[in-house]
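Chains as they are written, first to last, in our numbering: chain Y, 1 to 101; chain U, 1 to 158. For each residue, glycine too, the CB sits at the ideal point set by N, CA and C. I have placed the structure first, in the form of C-alpha cells, so that the comments after it can refer back to it.
This is the structure:
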C-alpha cells in the first residue's frame, strides 16, 4: 500500500532521528530535544506515522509506583520508508536502498 | 514542584483525560514526559504544545465544548481583573490598614487565579483567528495595569 503521508521537512527530521539507531526504542522528549521540535509539532507527526503503521509504539515496563513512558521506534515498513525519504548528507539527494529500481 | 510546573501538569492532565479515547494515550504520553523536562518554562511550553495538539484532534461537538470553555474562561479573566481593580479602589475609601485586610487577600487571590485561567484561555483559543483572542485578552490586561497602577499610587502617595 502506498504511503500517503505529508512529508514535511520536520517529518524527514523525525525519520532521520529514528534512523540514527533504528532498533532502539525512543522517548518523545528525547526526540523533541534531538530534533528541536516542539511537542505540538512532534506528537501529531508521531501519531500519523503510527496510524500508517510506520511507527511502533509501546508503554515501557515501569518500575513499581512509577507511571510508564511511551516509547517509539520505526516498524519494518517505517524503516524502509524512512530510508527512502531521508536525504543523504553526502549526496544531497534522497537516499534510496541499493536495490531500489 | 514550582507553581509554573504544577500549572502546566494540571492543565495537560485535565485536557488529556477529557480527550477522545483514541487520542488519550498520546496525551498521557506527553504528560509522562514532563517528568523528564528539567526546566519549568520548557515544561510549560511542552504542556501548551500538548494541549494544542489534543484540542486540534477534537471532533465537532468537542470543538463546540472547547469554544465554550474559551468563551467562559475569557469572561472569567475579565471578571477577575475587574475584581482586582475594585478591591484596590476600595482601599481609597476605607481607613488605612496596618495589616493586610480582606480586600488585600481578595486582590491577591484574583491575581493568582488569573494565571491558570489565562492558560486555559490560551490553550482553548482558536489560533486561526488570533485577533478575537487578542482583543479579549487586552481587556483584563488593561484593567490589571490600572489595578497595579492604582495599588502603587495607594501605597506610595497616599
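Length of the line joining the Cα atoms of residue i and residue j
{"i": "residue 23 of chain Y", "j": "residue 14 of chain Y", "result": "15 Å"}
{"i": "residue 91 of chain Y", "j": "residue 6 of chain U", "result": "Because the pLDDT at residue 91 of chain Y is just 49, under 50, the model does not fix this residue reliably, and the value given afterwards should be weighed accordingly. Their Cα atoms are separated by approximately 47 Å."}
{"i": "residue 39 of chain U", "j": "residue 150 of chain U", "result": "35 Å"}
{"i": "residue 19 of chain Y", "j": "residue 27 of chain U", "result": "25 Å"}
{"i": "residue 66 of chain Y", "j": "residue 43 of chain Y", "result": "22 Å"}
{"i": "residue 48 of chain Y", "j": "residue 112 of chain U", "result": "38 Å"}
C-beta atoms of residue i and residue j nearer than 7 Å
{"i": "residue 60 of chain Y", "j": "residue 71 of chain Y", "result": "yes"}
{"i": "residue 41 of chain Y", "j": "residue 50 of chain Y", "result": "no"}
{"i": "residue 121 of chain U", "j": "residue 74 of chain U", "result": "yes"}
{"i": "residue 38 of chain Y", "j": "residue 49 of chain U", "result": "yes"}
Start-to-end residues for the alpha helix (DSSP H) that takes in residue i
{"i": "residue 211 of chain U", "result": "Only positions 1 to 158 of chain U appear in the structure, and residue 211 of chain U is not among them; the question remains open."}
{"i": "residue 13 of chain Y", "result": "9 to 20"}
{"i": "residue 34 of chain Y", "result": "28 to 35"}
{"i": "residue 33 of chain U", "result": "21 to 33"}
Reference residue i, options the options, closest by Cα
{"i": "residue 56 of chain U", "options": "U:91, U:145, U:23, U:10", "result": "U:23"}
{"i": "residue 101 of chain U", "options": "U:46, U:114, U:87, U:25", "result": "U:87"}
{"i": "residue 70 of chain U", "options": "U:54, U:14, U:145, U:119", "result": "U:119"}
{"i": "residue 54 of chain U", "options": "U:104, U:13, U:42", "result": "U:13"}
{"i": "residue 52 of chain U", "options": "U:72, U:15, U:107, U:83", "result": "U:15"}
{"i": "residue 66 of chain U", "options": "U:95, U:20, U:32, U:108", "result": "U:20"}
{"i": "residue 154 of chain U", "options": "U:128, U:112, U:123, U:85", "result": "U:85"}
{"i": "residue 73 of chain Y", "options": "Y:12, Y:17, Y:5, Y:9", "result": "Y:17"}
{"i": "residue 41 of chain U", "options": "U:76, U:68, U:3, U:18", "result": "U:3"}
For residue i, the first and last residue of its enclosing beta strand (DSSP E)
{"i": "residue 55 of chain Y", "result": "55 to 59"}
{"i": "residue 74 of chain Y", "result": "70 to 74"}
Distance cut-off 6 Å: residue i Cβ against heavy atoms of the ligand ZN
{"i": "residue 21 of chain Y", "result": "Absence of the ligand ZN is noted for the structure shown, with no ligands found whatsoever."}
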